[in-house]
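Worksheet for the structure shown next.
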Amino acid sequence: MEIRIGDITLPHRAVFGPMAGFTDAPCRRLMAAHGAGFTVSEMVSSRALTYGDHKTLSLLRPATKGAPYGVQLFGEVPEIMGQAAACIEGEDFDFLDINMGCPAPKIVSGGAGSKLMLHPELCGEIVAQVKAHTSRPVTVKMRKGWDDEHVTAVACAVACQQAGASLITVHARTRAQMYIPGIDLAIIRAVKQAVDIPVIGNGDIQTPADALAMLEQTGCDGVMIARGALGDPWLFERVNAAIEGLPEPPAPNLQARMNALRRQVEEMVELKGEYTAMPQARAQAIHYMKGLKGAAALRRAACSLTYLSDLDSLIDTVFTAQRKLSD
3 MEIRIGDITL PHRAVFGPMA GFTDAPCRRL MAAHGAGFTV SEMVSSRALT YGDHKTLSLL
63 RPATKGAPYG VQLFGEVPEI MGQAAACIEG EDFDFLDINM GCPAPKIVSG GAGSKLMLHP
123 ELCGEIVAQV KAHTSRPVTV KMRKGWDDEH VTAVACAVAC QQAGASLITV HARTRAQMYI
183 PGIDLAIIRA VKQAVDIPVI GNGDIQTPAD ALAMLEQTGC DGVMIARGAL GDPWLFERVN
243 AAIEGLPEPP APNLQARMNA LRRQVEEMVE LKGEYTAMPQ ARAQAIHYMK GLKGAAALRR
303 AACSLTYLSD LDSLIDTVFT AQRKLSD
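Those letters in the sequence shown? Residues 3 to 329, per our numbering, in order.
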C-alpha cells in the first residue's frame, strides 16, 4: 500500500510528527535519514508569517531532504491562514499542514489548535482558504475532539476533505486528555470510514507492535510517530520493517546512539549558534539517555548543558558509566 499526498508518494507508511521545540531541521534530517515517510516543521504562526517575522521563518528553514517535508501552520482566522500560505509560497517545502490538534493553553486561548475542533465548519473554511493560496497539497492534523462531550473528529475530517484536504492525521485523544495514557483507536477507524483521502493514525506509538496494532485495528493508511522517536530515530527502521514484513534490524549500539546525538546537536549549533542551540539540546539529549544504566543521573547532567564541549563531557560520562555499571 502506498500513501499519496496529492502527487507526492511517501517512501514509507510511518511518518514523523511535528513537535514545538523539537522538530527543527537537524531533528527532521535525522528522522528522514532513518526512514520517516515525511517530516513536518514545528508549528508556525500564520499571523507572524504575514508580518514577515524572521524568527518565525527560521522555524521552517532549511527544508528537510530525504523525505517529503511539510510546513505546519496554526491560526484561527481563515483569511490570515490563506495569507500566510501565500507568504511562504516561495519557500522550499512539499506540502502545507494545518494544526487543529495542539492542546497548549497559549494556542487554544486564541482559538487555534485543538480549539478548532469545536467548529467543524470553520475547519473547512480554513482549509479552503489555505488551499486557494498555495500550489502545494494541504493536509490537516487534528484530535479526537475537544472533550468527551465534543467528539468532532469525523465532522471536522469530512469538512476538511470537502474543502480540499489531501490527507488527515488523527491524534486519538481529546484536548481535555492532553497526553494522559490511553488512546481511542475507534475514532481513527471512524474517520477512516468517513473520508476517501488517506488517514494517518497518531498516539502512543513506542514500538513496532504499537504501529501494527493501530494499522490493523483502525484500517488507517499510515502511522505518525512523534515523542516515541526522540532519542530513538531507529524506531522508524523497526516500524518500517514490521509494516513491510521484513526482519527487524539490529539495535544500534551505544557508539551509534552517541554519534547520532553528537551530530544532531552539532548541526543545531551550526544552524542557530551555541547560545540558542544548547538550551534546546538539553531536551534532545535527555531522550538519548533512555534505557541506559544510571539514566537518572545522566539526565540530570544533560539538563546543565551550556556549551558543545559540555556535550562531549556528557558522552564521555555515558561511556564511563556504562562500563562501570557493567563490571
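Just so it is clear, CB atoms sit at the ideal spot from N, CA and C, and this is done for glycine as well.
Under 7 Å, do residue 129 and residue 89 count as touching if we go by C-beta distance? Mapped onto the sequence shown, residue 129 falls at position 127. Mapped onto the sequence shown, residue 89 falls at position 87. Cβ distance not < 7 Å, so residue 129 and residue 89 don't count as in contact.
Does DSSP put residue 274 in a helix, a strand or coil? Taking the first residue of the sequence shown as 1, we reach residue 274 at position 272. In the structure shown, residue 274 sits in a helix (DSSP, three-state: H, G or I).
Could you pull the start and end residues of the beta strand (DSSP E) that residue 72 belongs to? Translated into the one-based positions of the sequence shown, residue 72 becomes position 70. Run containing residue 72: 71-76, per the beta strand (DSSP E) assignment.
Inter-residue spacing [alpha-carbon to alpha-carbon] between residue 142 and residue 179: The residue given as residue 142 occupies position 140 in the sequence shown. The residue given as residue 179 occupies position 177 in the sequence shown. Their backbone Cα atoms lie some 20 Å apart in a straight line.
For residue 48, which three-state DSSP category applies? In the sequence shown, residue 48 corresponds to position 46, counting from 1. Reduced to three states, the DSSP call for residue 48 is helix.
If you compare alpha carbons, which of 67, 238, 293, 74 is closest to residue 61? Numbered from its first residue, the sequence shown carries residue 61 at position 59. Residue 61 has its Cα closest to that of 74, out of 67, 238, 293, 74.
By how many angstroms is the C-alpha of residue 98 removed from the C-alpha of residue 67? Within the sequence shown, numbered from 1, the residue matching residue 67 stands at position 65. Within the sequence shown, numbered from 1, the residue matching residue 98 stands at position 96. Cα to Cα, the separation comes out at about 16 Å.
Looking at the strands, I want to know which residues DSSP matches up with residue 145. If you number the sequence shown from 1, residue 145 lands on position 143. Note: residue 145 sits in a beta bridge opposite 173.
Any idea if residue 256 is buried or exposed, counting beta-carbon neighbours within 10 angstroms, 16 or more meaning buried? Along the sequence shown, read from residue 1 onward, the residue named residue 256 stands at position 254. Flag for residue 256 reads exposed.
Please state if the CB of residue 158 and the CB of residue 119 are separated by a distance shorter than 7 Å. Indexing the sequence shown from 1 puts residue 119 at position 117. Indexing the sequence shown from 1 puts residue 158 at position 156. Yes, they are a contact pair.
Buried or exposed: residue 248, going by 16 or more other Cβ atoms within 10 Å of its Cβ? Residue mapping note: residue 248 aligns to position 246 of the sequence shown, counting from 1. By the 10 Å Cβ count, residue 248 comes out exposed.
Would you kindly report the start and end of the unbroken alpha helix (DSSP H) that includes residue 204? For this step, residue 204 is matched to residue 202 along the sequence shown. Segment 201-204 is the beta strand (DSSP E) holding residue 204; no alpha helix (DSSP H) there.
Within the same chain, show all residues whose beta-carbon is closer than 7 Å to that of residue 220, passing over the 5 residues directly before and after it, in chain order. For the purposes of this step, residue 220 is taken as the residue at position 218 of the sequence shown. Taken in chain order, the residues that qualify are 187, 190, 191, 194, 203.
Can you pull the DSSP bridge partners for residue 224? Taking the sequence shown and counting its residues from 1, one reaches residue 224 at position 222. 202.
Does DSSP put residue 24 in a helix, a strand or coil? The residue labelled residue 24 in the question sits at position 22 within the sequence shown. Three-state DSSP puts residue 24 in coil, outside helix and strand.
Among 81, 325, 9, 198, nearest to residue 222 - alpha-carbon criterion: Start at 1 with the first residue of the sequence shown, and residue 222 comes out as number 220. Answer by Cα proximity: 198.
Taking the alpha carbon of residue 165 as the point to measure from, which residue in 242, 305, 122, 70 has its own alpha carbon closest? Sequence index remark: in the sequence shown, residue 165 carries index 163 (1-based). With distances taken between Cα atoms, residue 165 lies closest to 122.
Are the beta-carbon atoms of residue 48 and residue 77 separated by less than 7 Å? Translated into positions along the sequence shown, residue 48 becomes position 46. Translated into positions along the sequence shown, residue 77 becomes position 75. Yes, the pair counts as a contact, with Cβ atoms nearer than the cut-off.
Using 10 angstroms around the beta-carbon of residue 207, count the other beta-carbons present and answer buried if the total reaches 16, otherwise exposed. Locating residue 207 in the sequence shown gives position 205, where the first residue counts as 1. Residue 207 comes out buried.
Hey, would you say residue 172 sits closer than 7 Å to residue 196, going by beta carbons? Mapped onto the sequence shown, residue 172 falls at position 170. Mapped onto the sequence shown, residue 196 falls at position 194. Against a cut-off of 7 Å, the Cβ pair of residue 196 and residue 172 comes out as no contact.
Any idea if residue 96 is buried or exposed, counting beta-carbon neighbours within 10 angstroms, 16 or more meaning buried? By one-based count along the sequence shown, residue 96 stands at place 94. Buried: at least 16 other Cβ atoms inside 10 Å.
Excluding the 5 residues preceding and the 5 following residue 291 in the sequence, name in chain order all residues of the same chain whose CB lies nearer than 7 Å to its CB. Residue 291 sits at position 289 when you count from the first residue of the sequence shown. Once the five neighbours on either side are set aside, the close Cβ partners of residue 291 are 297, 300, 301, 304.
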